[in-house]
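J.:
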Amino acid sequence: MASLNLHHLRLFRAVAREGTLTAAAKALNISQSAVSTQIKALEADLGHDLFERRGRNLVLTEAGRIALDYADQIFRASEQLTATFRAVGGQRKVLRIGALATLSRNFQMGFLEPLLGRDDVEVVLRSGTQASLLRALDALRIDVLLTNQVPARDAASPYLVRRIAEQPVSLVGARTRLALAAQGLPVLLSRAPLILPTPETALRAGFDALTESLGIVPRIAAEADDMAMLRLLARSDAGVAVIPPIVVRDELATGVLYELAQLPGLTEEFYAVTIARTFPNPLLREVLDLVPGEAGLAAGEGEQ
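Residue numbering for the sequence shown follows numbering that gives the first Met the number 0, starting at 0 and increasing by one per position.
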C-alpha cells in the first residue's frame, strides 16, 4: 500500500461528517469532482470501499467506520501537537474555557477565581450550546467545558466527566409570596404561579418528578432555560422561581427576594468535561485541584 495521503484522509473525514460529496465540497470550498476523485484514490490506496450510496447520501461501510476512527485519532494528535507547541512559545499561559450559555454566572466565576488576577495567565471564556462546545472540545479549541448536562457517553466516547459542584434548589419569590409560603410547601407549589426551567433541563425533570409524587399540578407562569432570566422574572414578581439560591444571593441578602422553601431531594450539579490529551494544559489540572466547590460558590455575587 502507498504511503497514506493525509489530504485524502482529510477529505474523507469531511465527507463522512457531511454525508454527501456536495456538502463536503461546499464546506471545504473545492469542487465536488475533486472530492470524488480523491476519495476514490484513498479507497484504492486502502484497498476497500469506504462508502456505500443510500439515496442521495453516502454511508460509511464497515471499513469506512474503521478508517474514520483512525482519521479522528490522527487529526486529534496533530491538533494537540500544534496547540501544545504554540502554548510553549508564549510567555503567558492560556486556559480556554467553554461554558454552557445558560449556566450560572456565579458558578463560572467561582471556577475562574483561582486564575483571576495572575499576570502569567490569560483566560479565554466562550459560551454556546452543549453541542457546539463539545465540537470545540473535540477540536481542541477549548480545554474544558463547564456544564450542568452530562454529555451522552458510550464505550467509544472521548469525554472525561468530573462532577465539581452541587447546589440545593429552592422556591424563591418576592415579599408578596411570604403569606402563601407560610401555609406549607404543598400549598405553595399548587397555588403560586411558578417560574420554571424549560422541560429539557435536568432541573425541570427533577421538579416534575417531585410535583408528580406530591400529586400536584403546578401553575406555570413562565419558563426559561437561562438562570439569569429566571432571576429577573422572580425579581419582577412574575411568580415563584425554582432556582438555586446562590443565583439570587444578592437579592436574598437585601430582601428583594426570599427563599420561601427548599425543594427536598432537588439539586443542580455542575461538571467539568474534558478529553484525554497526550499534552494536557497544566492550568486545567491546577484549577480543577483548586475548584472551590459549594463553599466557594456561596461567596459569589448575584447573577448578571
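No residue lacks a Cβ here, since even glycine has one placed at the ideal position from N, Cα and C.
(1) Which value, in whole angstroms, describes the spacing of the CA atoms of T101 and D224?
(2) For F50, which of helix, strand or coil comes out of DSSP?
(3) Given this structure, state the Cα-to-Cα distance separating K39 from V122, to the nearest angstrom.
(4) To which residues of the same chain is P185 closer than 8 Å at the C-beta, ignoring the five residues directly before and after it?
(5) In whole angstroms, what is the alpha-carbon distance linking Y270 and L99?
(6) At the level of alpha carbons, what is the spacing between S103 and E211?
(7) Hey, quick one: how far does the beta strand (DSSP E) through G312 stretch, first residue to last?
(8) What residue range is occupied by the uninterrupted alpha helix (DSSP H) comprising P281?
(9) For S35, report the span of its alpha helix (DSSP H) as first-last.
(10) Take L363 and list the residues in its own chain whose beta-carbon comes closer than 6 Å to its own, dropping the five residues that flank it on each side.
(11) What is the rounded straight-line gap between the Cα of P291 and the Cα of P217?
(12) If you draw a straight line from the alpha carbon of L188 to that of V247, how long is it in whole angstroms?
(13) Starting from N56 and walking both ways along the beta strand (DSSP E), at which residues does that stretch end?
(14) As an exercise, report each continuous beta strand (DSSP E) stretch of at least 3 residues that is fully enclosed by the segment 82-167, in chain order.
(15) Rounding to the nearest angstrom, what Cα-Cα distance links P198 and F206 in this structure?
(16) Determine the contact status of Q261 and P167, defining contact as a CB-CB distance below 8 Å.
(17) Among the residues of its own chain, which have a CB less than 6 Å from the CB of L283, if the five just before and after it don't count?
(18) Measuring CA to CA, which of T36, N28, A43 is closest to L3?
(19) In three-state terms, what does DSSP make of L3?
(20) Where does L213 fall in DSSP's three states?
(21) With DSSP as the reference, label S169 as helix, strand or coil.
(22) Would you mind stating whether I274 and D137 have Cβ atoms separated by less than 8 Å?
(23) Which word fits A298, buried or exposed, when buried means at least 16 other C-beta atoms lie within 10 angstroms of its C-beta?
T.: Let's see:
(1) Looking at the backbone, the Cα of T101 and that of D224 are separated by about 6 Å.
(2) Shown here, F50 sits in a strand according to DSSP, grouped into three states.
(3) Spanning the alpha carbons of K39 and V122 requires a straight line of approximately 44 Å.
(4) Answer for P185: L213, I215, listed in chain order.
(5) Computed Cα separation, rounded: 11 Å.
(6) Cα to Cα, the separation comes out at about 27 Å.
(7) In the structure displayed, the chain extends from 0 to 303; residue 312 sits before or after that span and is not available.
(8) Bounds of the alpha helix (DSSP H) holding P281 are 281-288.
(9) Taken as a continuous stretch (DSSP letters only), the alpha helix (DSSP H) holding S35 covers 31-45.
(10) Residue coverage of the chain in this structure runs from 0 to 303, which leaves residue 363 outside it and unanswerable.
(11) Here the model assigns P291 a pLDDT of 47, short of 50, so the residue's position is not dependable and the matter cannot be decided.
(12) Distance between L188 and V247, taken at the CA atoms: about 20 Å.
(13) Residues 56-59.
(14) You should have 92-99, 120-127, 143-146.
(15) Spanning the two alpha carbons is a distance of roughly 10 Å.
(16) Yes, the Cβ-Cβ distance between Q261 and P167 is below 8 Å.
(17) Result list for L283: D142, V143, in chain order.
(18) Taking L3 as reference, the option from T36, N28, A43 with the minimal CA-CA separation is A43.
(19) Correct three-state label for L3: coil.
(20) Coil, per DSSP.
(21) Correct three-state label for S169: strand.
(22) Cβ atoms of I274 and D137: closer than 8 Å.
(23) Confidence in A298 is poor, its pLDDT being 30 and thus under 50, which makes the residue's placement unreliable; the coordinate value appears in the next sentence. Exposed: under 16 other Cβ atoms inside 10 Å.
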